[in-house]
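Each number in this note's numbering comes from the position in the sequence shown (counting from 1) with 11 added on.
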Amino acid sequence: MRQKLRRFFSVVYYNLRTRQKLFIGYLLAVMLPCLLMTALFYYYLHSSVLDTDIRSVHTMSRQAATWLDSAFQQARSITNSLLLNFDFNEILDSCNRDNNYFQKRGNIIKLSHIKTTLQEYKAVHRTCFYFSDSVIEANRDTLFFLSEIEREGLLQSIVQEPRDQLWTVFANERRIMGGGETLSMLQPLFNPEDMSETIGFIRVDYLQNELKRQIENFLPTARSTGFLVDRSGGILSRGGPCDKDGGLPVPFGGLVEGREPDEPFYTCLDVFGEKTLVCINPVPASGMYLIFLTPFCEIERSDSLLLVLAGVLMVLEALITLCFGGFLCMSLARSSDLQLRLLYSQLNPHFLYNTLDIINWQAISLDAPEIYQPLQALSRLYKLTLNKGSAYISVKDELDHIRLYVQLQNLRFQNGIRLQTDYSPEVLNLRILNMLLQPIVENAIVHGILERPEQSGTITITARLDKNDLVFCVEDDGVGIPPQLLSKIQGSPYQSDGYGMQNIRERIRIAYGRGYGISIQSLPGMGTRVMLTLPAEHGRAKPGE
């Protein structure tokens, strides 16, 4: 059988023309490297995107911890303001004397007035007080007897040491106060004349449902879970699809042992037989930790997008190499056959649009918005960039081009780039050189906004008419440009390192003359402003164009 196949292919190959033999050899020589390059591209892109996704998940967990820290900081602000309040200190002094009914009522009135000053702390659900029966009359709303604190089963977990603020879950909250379960901070109050004697407590409540909702707002995937734990790993609050009564599924003590208390970190562990990313972030205001658990299979779902991108790259590589190789084979064979030249004629924008459209509809049929949404943006961006071969484009289309470009950049940088536009309607139909604003916006993102620690910021583009001139202003709130580098960029374009700025200067000079151009203003740490001045009449659209 093997000999028959060998003989068959030998006869077929022998009967082929010279140019056909050259083309088959070329296919074997080129397609294998193309496949290898595609495989390498996928491997390195997969590693890069996976690393970016892991850091993005960790960043979301840090943002959640920052929100919780800000909310819990309000409890400290409340206790500090109370301890500095004159009326509140008078109530503390009254614990050293026998108070009659009217004095107790006076203390209650003072506490009511004090409570009205605490309404500005929006994250706090309620502030309560515990005193002995010699100081107040309990009202079971916000005033309690000190004996309630000692009720068995009231305190479930303590985060910090005694004589400091205590964080605890009030499991019997529904029974005692008729409300929802709370996570509460207790601040001990000491006798001014004997600091070893505890005479009361300030209690600051946070609703568990609200904490759960906020934690879930920051969860990166549908299967991610979040746990707010104390220093011993006891769960104080949780969010996501987790067992309400289950314990912490990771060895918390072993993870934080030997690390700085305020050091955020992440690691990979096997949780219930599944590889899981574990992000641990401290919440300094309370001494707690926020733990996010995200299965790796959820993070790696972006592989489908990578496969599509790798497939697009492979198609483009094959088309380019086939067209070039086909032209070379025909030249060597001195053939008048035009079949291979058709491959070259097919390498045009319409073929790329059709290819992207096919992939787009496949993604839509699979209900994969993370694939078809960037593909649609990429297709529109490519169409605007080519602009049917024209060197000029309307202001409206140029601004649409910038919006699509920022949209694609936000897919990579987690929507950290905000774009604002401000223009008068009469400028939209004016025509300018194609791709004038994109290099400026790219510099604002790469060298300005992404250099900030939070890697987020705003770009503002304005367009207005100034007599016979069309003036663009592109501003960002990035890190700015150092003075030495700015003077170098502002100098001769041939002495600067910015290819994009040099390209814009030269195109404006050639198209409009030396009376128009670009200027840059920047302050380190504040941002950069780039001004473009163009002739408005030069680019006004002709009727019917």
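Even glycine gets a Cβ: it sits at the ideal position worked out from N, Cα and C.
- L439 is the residue among K499, L439, F97, Y141 whose C-alpha sits nearest the C-alpha of V482.
- The beta carbon of R249 lies closer than 6 angstroms to those of F238 in the same chain, with the five residues before and after it left out.
- In this structure, S435 lies away from R463, with their beta-carbon atoms at least 9 angstroms apart.
- Using a C-beta cut-off of 8 angstroms, the region 198 to 210 makes no contact with the region 259 to 278, since fewer than three inter-stretch Cβ pairs fall below that distance.
- When the beta-carbon positions are compared, N100 and S145 stay at least 9 angstroms from each other.
- If the five residues before and after V417 are omitted, its C-beta is found closer than 6 angstroms to the C-beta atoms of I428, L430, all from its own chain and listed in chain order.
- Restricting attention to beta strand (DSSP E) runs no shorter than 3 residues, the region 387 to 468 encloses them at 403 to 405, 428 to 434, 442 to 444, ordered along the chain.
- According to DSSP, residue pairing for Y300 in a beta bridge involves V240, P293.
- Annotated three-state conformation of K478 is coil, per DSSP.
- Boundaries of the beta strand (DSSP E) around D205: 205 to 218.
- By the criterion of a C-beta distance shorter than 8 angstroms, G491 is surrounded in its chain by G459, S533, L534, P535, G536, M537, G538, T539, once the five residues flanking it on both sides are discounted.
- In this structure, the CA atom of Q14 is about 22 angstroms from the CA atom of I35.
- L247 sits away from I65, with the two beta carbons spaced by 9 angstroms or more.
- For G528, the three-state secondary structure derived from DSSP is strand.
- Boundaries of the beta strand (DSSP E) harbouring G538: 538 to 546, taken from the DSSP string.
- C253 is not a Cβ neighbour of K286, given a cutoff of 9 angstroms.
- Here the region 268 to 283 does not lie against the region 224 to 232, with fewer than 3 beta-carbon pairs under 8 angstroms apart.
- In the DSSP assignment, N110 falls outside any alpha helix (DSSP H) and carries neither an H nor an E.
- Rounded to whole angstroms, H136 and L177 show a C-alpha spacing of 17 angstroms.
- L194 and Q513 have their C-alpha atoms spaced approximately 59 angstroms apart.
- G211 counts as buried, since at least 16 other C-beta atoms from the protein chains shown sit within 10 angstroms of its C-beta.
- In this structure, DSSP gives N96 a state outside helix and strand, which the three-state scheme calls coil.
- Taking a C-beta distance under 9 angstroms as the contact criterion, F303 and P231 qualify as a contact pair.
- When the five nearest sequence neighbours on each side are left out, the beta carbons in the same chain lying within less than 6 angstroms of the beta carbon of I472 are those of T432, V485, in order along the chain.
- The residue from N91, S92, R525, T70 with its alpha-carbon nearest to that of N426 is T70.
- The Cβ atoms of R423 and T63 sit closer than 9 angstroms to each other.
- E208 has its alpha-carbon roughly 12 angstroms from the corresponding atom of F142.
- Here DSSP, grouped into helix, strand and coil, assigns R234 to coil.
- Taking the C-beta atoms as reference points, V406 is found nearer than 9 angstroms to I443.
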